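S.K.: Numbering-wise (the numbering used here), the sequence shown opens with residue 518 and increments by one. Encoded as structure tokens, here's the structure I'll be asking about.
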Amino acid sequence: MQFQKPKGTQDILPGESRRWQFVEEKAREVCRRFLYKEIRTPVFEATELFRRGVGETTDVVEKEMYTFEDKGGRSMTLRPEGTAGVVRAYAENKLYAVPGVTKLYYIGPMFRYERAQAGRYRQFHQFGAEAFGSDDPALDAEVIALGRSFYQAVGLAGFTLEINSVGTPEVRARFRETLLRFLEPKKDLLCRDCRARMERNPLRVLDCKVDQAHFEGAPSILDHLDDACARHFDKVQSHLRAMGIPFSINPRLVRGLDYYTHTAFEFKAAGIGAIDAIGGGGRYNGLVAHIGGPDQPGVGFGIGLERVLLVLEKQGAELPGEAAPDLFFVALGEAAEARAVALLHEARERGFAAEK
Ligand code: HAM
Numbered sequence: 518m519q520f521q522k523p524k525g526t527q528d529i530l531p532g533e534s535r536r537w538q539f540v541e542e543k544a545r546e547v548c549r550r551f552l553y554k555e556i557r558t559p560v561f562e563a564t565e566l567f568r569r570g571v572g573e574t575t576d577v578v579e580k581e582m583y584t585f586e587d588k589g590g591r592s593m594t595l596r597p598e599g600t601a602g603v604v605r606a607y608a609e610n611k612l613y614a615v616p617g618v619t620k621l622y623y624i625g626p627m628f629r630y631e632r633a634q635a636g637r638y639r640q641f642h643q644f645g646a647e648a649f650g651s652d653d654p655a656l657d658a659e660v661i662a663l664g665r666s667f668y669q670a671v672g673l674a675g676f677t678l679e680i681n682s683v684g685t686p687e688v689r690a691r692f693r694e695t696l697l698r699f700l701e702p703k704k705d706l707l708c709r710d711c712r713a714r715m716e717r718n719p720l721r722v723l724d725c726k727v728d729q730a731h732f733e734g735a736p737s738i739l740d741h742l743d744d745a746c747a748r749h750f751d752k753v754q755s756h757l758r759a760m761g762i763p764f765s766i767n768p769r770l771v772r773g774l775d776y777y778t779h780t781a782f783e784f785k786a787a788g789i790g791a792i793d794a795i796g797g798g799g800r801y802n803g804l805v806a807h808i809g810g811p812d813q814p815g816v817g818f819g820i821g822l823e824r825v826l827l828v829l830e831k832q833g834a835e836l837p838g839e840a841a842p843d844l845f846f847v848a849l850g851e852a853a854e855a856r857a858v859a860l861l862h863e864a865r866e867r868g869f870a871a872e873k
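This is the structure:
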């Protein structure tokens with residue numbers, strides 16, 4: 518009997534693993550420069566954390582979670598994303614008690630039961646960053662700058678940045694009514710997913726790839742922001758400009774997770790068929806309190822490393838392969854054989870990559 522890897526997973530084989538080490542090293546190097554510190558949290562958490570954190574009506578929670586009951590009868594879920602676990606760890610370990618902004622990053626596997634295709638896996642890897650404890654729009658811009666520096670560090674070309682403001686829950690509630698008034702007469706023309714989304718999360722309708730033709734003249738959330746939200750969004754933009762970071766505003770950008778407030782952003786690149794999101798994130802001011810922590814604001818991103826590598830390969834970027842030996846010993850005869858073993862070992866001890 519022969520076994521195969523589960524659908525939507527990948528073996529990272531020798532030769533390819535060096536590329537993974539390369540992107541991971543670049544992520545760590547960029548985080549060192551921005552003074553973000555690594556955090557490692559469990560790959561599984563209580564299911565309830567994701568239900569509350571990511572949101573009951575999101576595709577991730579409704580359809581894509583790997584949930585199981587452990588032998589103690591508790592419902593556990595393989596993490597579908599990194600933010601909820603990091604927020605839990607931040608609250609549980611009282612990291613907020615340390616003065617100043619808490620700046621964290623992580624690299625690791627995430628799990629979503631999605632329809633597998635190029636660039637979409639059931640086990641995939643994210644490099645993510647999360648910063649807690651400040652409302653300052655400069656922090657939104659810093660997090661975006663960190664993501665961008667990573668893409669640049671690995672040599673990715675031609676990627677773009679889109680930003681939007683999704684306001685506060687109050688702003689969204691008001692916008693929702695206006696939007697529904699616009700969508701209602703078109704309801705029968707929309708795809709099945711959108712009709713379902715109209716009930717539960719109408720803001721996501723505008724994000725639909727199939728129905729764009731029907732959205733001409735749709736109301737924009739940016740016209741519905743209150744003063745504080747508009748000011749925050751303006752500041753984020755002026756900070757990005759000050760750093761020379763190009764971006765475009767996409768008022769229809771709504772992320773697939775429920776926790777966002779104010780800034781939402783996405784990095785996009787061509788090269789993996791219809792998939793273009795190589796990373797995304799935003800601010801999530803109510804989330805820490807929502808999962809039982811103190812009312813501390815947060816902002817962060819997650820970058821899909823498989824997608825970054827796929828785009829790099831497509832672009833023909835030069836990626837490191839496995840290192841060749843520095844020294845190669847050839848022994849002729851039995852006496853030399855014994856000597857060669859000793860020399861080989863000595864070379865390795867001294868830091869050479871040596872082989873016989
Ligand atoms: P997300 O947009 O769901 O956000 O995922 C972030 C990135 O992970 C995507 O842009 C994509 O590159 C990659 N990704 C997502 N699903 C898959 C998949 N099935 N296969 C391959 N790559 C995938 C989050 O996860 C948020 N936690 C980001 C965040 C952090 N927001 C604030 N802080």
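Quick reminder that beta carbons are idealized off the backbone N, C-alpha and C, glycines included. In this text, all values refer to a predicted model and were calculated from it rather than measured experimentally.
Would you check if the distance between the CB atom of GLN643 and the CB atom of ILE820 is smaller than 8 Å?
M.R.: Here residue 643 is taken as the residue at index 126 of the sequence shown, counted from 1. Here residue 820 is taken as the residue at index 303 of the sequence shown, counted from 1. Yes.
S.K.: Cα separation between ARG569 and GLU866?
M.R.: Within the sequence shown, numbered from 1, the residue matching residue 569 stands at position 52. Within the sequence shown, numbered from 1, the residue matching residue 866 stands at position 349. Looking at the two C-alpha atoms, the distance is approximately 52 Å.
S.K.: Should GLY734 be counted as a contact of the ligand HAM given a C-beta to heavy atom distance under 7 Å?
M.R.: Taking the first residue of the sequence shown as 1, we reach residue 734 at position 217. GLY734: no, Cβ never under 7 Å from the ligand HAM.
S.K.: Could you check whether the Cβ of ILE556 sits closer than 7 Å to any heavy atom belonging to the ligand HAM?
M.R.: Reading the sequence shown from its first residue, position 39 is the one you call residue 556. No; taking the cut-off as 7 Å, the Cβ of ILE556 has no heavy atom of the ligand HAM nearer than that.
S.K.: Can you tell me which of the three DSSP states GLU823 falls into?
M.R.: Here residue 823 refers to the residue found at position 306 of the sequence shown. Note: GLU823 maps to helix in three-state DSSP.
S.K.: Determine, using beta-carbon pairs with one atom in the stretch 820-840 and one in the stretch 785-798, whether at least three such pairs fall under 8 Å.
M.R.: They touch, by the three-pair rule.
S.K.: Run through DSSP, which three-state label would PHE551 get?
M.R.: As a first step, residue 551 is located in the sequence shown; it is residue number 34 there, counting from the start. Here PHE551 sits in helix by DSSP.
S.K.: Let me know the beta strand (DSSP E) ranges lying completely inside the stretch 704-790, each 3 residues or longer, listed in chain order.
M.R.: Counting whole runs of 3 or more residues, the stretch 704-790 contains the beta strand (DSSP E) stretches 778-789.
S.K.: Suppose the cutoff is 6 Å on Cβ atoms and the five residues either side in sequence are ignored; what does the same chain contact list for PHE649 look like?
M.R.: By 1-based counting over the sequence shown, the position of residue 649 is 132. Cβ within range, chain order: TYR607, THR619, GLN813, GLY815.
S.K.: For the beta strand (DSSP E) containing GLN643, name the first residue and the last one.
M.R.: Position 126 of the sequence shown, counted from the start, is the residue given in the question as residue 643. First-last of the beta strand (DSSP E) with GLN643: 640-649.
S.K.: Based on the DSSP secondary-structure assignment, which residues constitute the bridge partners of THR619?
M.R.: The residue you call residue 619 lines up with position 102 of the sequence shown. Paired residues: PHE649.
S.K.: Return the CA-CA distance between LEU566 and GLY602, expressed in angstroms with no decimal places.
M.R.: Sequence index remark: in the sequence shown, residue 566 carries index 49 (1-based). Sequence index remark: in the sequence shown, residue 602 carries index 85 (1-based). Using only the alpha carbons, I get a separation of about 8 Å.
S.K.: For LEU774, which option in GLU562, GLU581, LEU861, GLY532 has the closest C-alpha, if you only look at C-alpha atoms?
M.R.: One-based indexing of the sequence shown puts residue 774 at position 257. Here the closest residue by C-alpha is GLU581.
S.K.: Taking just the CA atoms, how far does GLY684 sit from ASP652?
M.R.: Translated into the one-based positions of the sequence shown, residue 652 becomes position 135. Translated into the one-based positions of the sequence shown, residue 684 becomes position 167. Spanning the two alpha carbons is a distance of roughly 13 Å.
S.K.: In terms of alpha-carbon separation, which member of ALA806, HIS862, GLY734 lies closest to TYR613?
M.R.: On the sequence shown, position 96 is the one that residue 613 refers to. That would be ALA806, whose Cα lies nearest to the Cα of TYR613.
S.K.: For LEU720, decide whether its Cβ has a neighbour in chain B, counting only Cβ atoms nearer than 8 Å.
M.R.: The structure shown contains no chain B; it is built from a single protein chain.
S.K.: Going by beta carbon distance, what residues of the same chain come within less than 7 Å of ALA674, once the five residues before and after it are set aside?
M.R.: For this step, residue 674 is matched to residue 157 along the sequence shown. Here the set comprises GLN832.
S.K.: For the beta strand (DSSP E) holding THR594, just list the boundary residues, first then last.
M.R.: Indexing the sequence shown from 1 puts residue 594 at position 77. Looking at the DSSP string, the run of the beta strand (DSSP E) that includes THR594 is 592-595.
S.K.: Could you check whether GLY803 and THR778 sit closer than 8 Å to each other, using their CB atoms as the reference points?
M.R.: Translated into the one-based positions of the sequence shown, residue 778 becomes position 261. Translated into the one-based positions of the sequence shown, residue 803 becomes position 286. In this structure, GLY803 lies closer than 8 Å to THR778 by Cβ.
S.K.: To the nearest whole angstrom, what separates the beta carbons of ARG639 and THR526, a pair I think is in contact under 8 Å?
M.R.: Walking along the sequence shown from the start, residue 639 turns up at place 122. Walking along the sequence shown from the start, residue 526 turns up at place 9. Indeed, because the Cβ distance is near 6 Å, the residues count as touching under 8 Å.
S.K.: Buried or exposed: which applies to VAL727, given that a residue is buried once 16 or more other Cβ atoms fall within 10 Å of its Cβ?
M.R.: What you label residue 727 is simply residue 210 of the sequence shown in a count that begins at 1. VAL727 is exposed by the Cβ-count criterion.
S.K.: Confirm, please, whether the CB-CB distance from LEU860 to PHE846 is below 8 Å.
M.R.: Within the sequence shown, the letter at position 329 stands for residue 846. Within the sequence shown, the letter at position 343 stands for residue 860. For PHE846 and LEU860, yes; Cβs fall inside 8 Å.
S.K.: According to DSSP, what are the bridge partners of MET505?
M.R.: No statement about residue 505 is possible, as the shown extent of the chain runs from 518 to 873 and does not include it.
S.K.: Using a Cβ distance threshold of 8 Å, determine whether the stretch 698-712 contacts the stretch 749-763, with at least three qualifying pairs required.
M.R.: They do not touch, by the three-pair rule.
S.K.: Between LYS752 and the rest of its own chain, which residues show a CB-CB distance below 7 Å, the 5 nearest in sequence each way excluded?
M.R.: In the sequence shown, the residue the question calls residue 752 occupies position 235. If we look at LYS752 and ignore the five residues flanking it on each side, its Cβ neighbours are PRO654.
S.K.: On the CB-based measure, 16 or more other CB atoms within 10 Å of its CB, does ARG665 come out buried or exposed?
M.R.: Counted from its first residue, the sequence shown places residue 665 at position 148. ARG665 should be labelled buried.
S.K.: Measuring CA to CA, which of ARG691, ARG545, TYR623, GLY868 is closest to VAL671?
M.R.: For the purposes of this step, residue 671 is identified with residue 154 of the sequence shown, where counting begins at 1. Nearest C-alpha to VAL671: ARG545.
S.K.: Could you tell me how far apart the beta carbons of ALA635 and MET593 are, in whole angstroms, since I believe they sit closer than 8 Å?
M.R.: For the purposes of this step, residue 635 is taken as residue 118 along the sequence shown, with counting starting at 1. For the purposes of this step, residue 593 is taken as residue 76 along the sequence shown, with counting starting at 1. About 30 Å; that fails the 8 Å criterion.
S.K.: Closer than 8 Å by C-beta to GLY572: which residues in its own chain qualify, once you throw out the five before and the five after it? Chain order, please.
M.R.: To locate residue 572, count along the sequence shown from 1; it is residue 55. VAL578, LEU774, ASP775, TYR776, listed in sequence order.
S.K.: Roughly how many angstroms separate the alpha carbons of LEU723 and MET518, rounded to a whole number?
M.R.: Start at 1 with the first residue of the sequence shown, and residue 723 comes out as number 206. Start at 1 with the first residue of the sequence shown, and residue 518 comes out as number 1. C-alpha separation (whole angstroms): 48 Å.
S.K.: Any heavy atom of the ligand HAM closer than 7 Å to the beta-carbon of ARG758?
M.R.: Here residue 758 corresponds to residue number 241 of the sequence shown, with the count starting at 1. For the ligand HAM, not one heavy atom lies less than 7 Å from the Cβ of ARG758.
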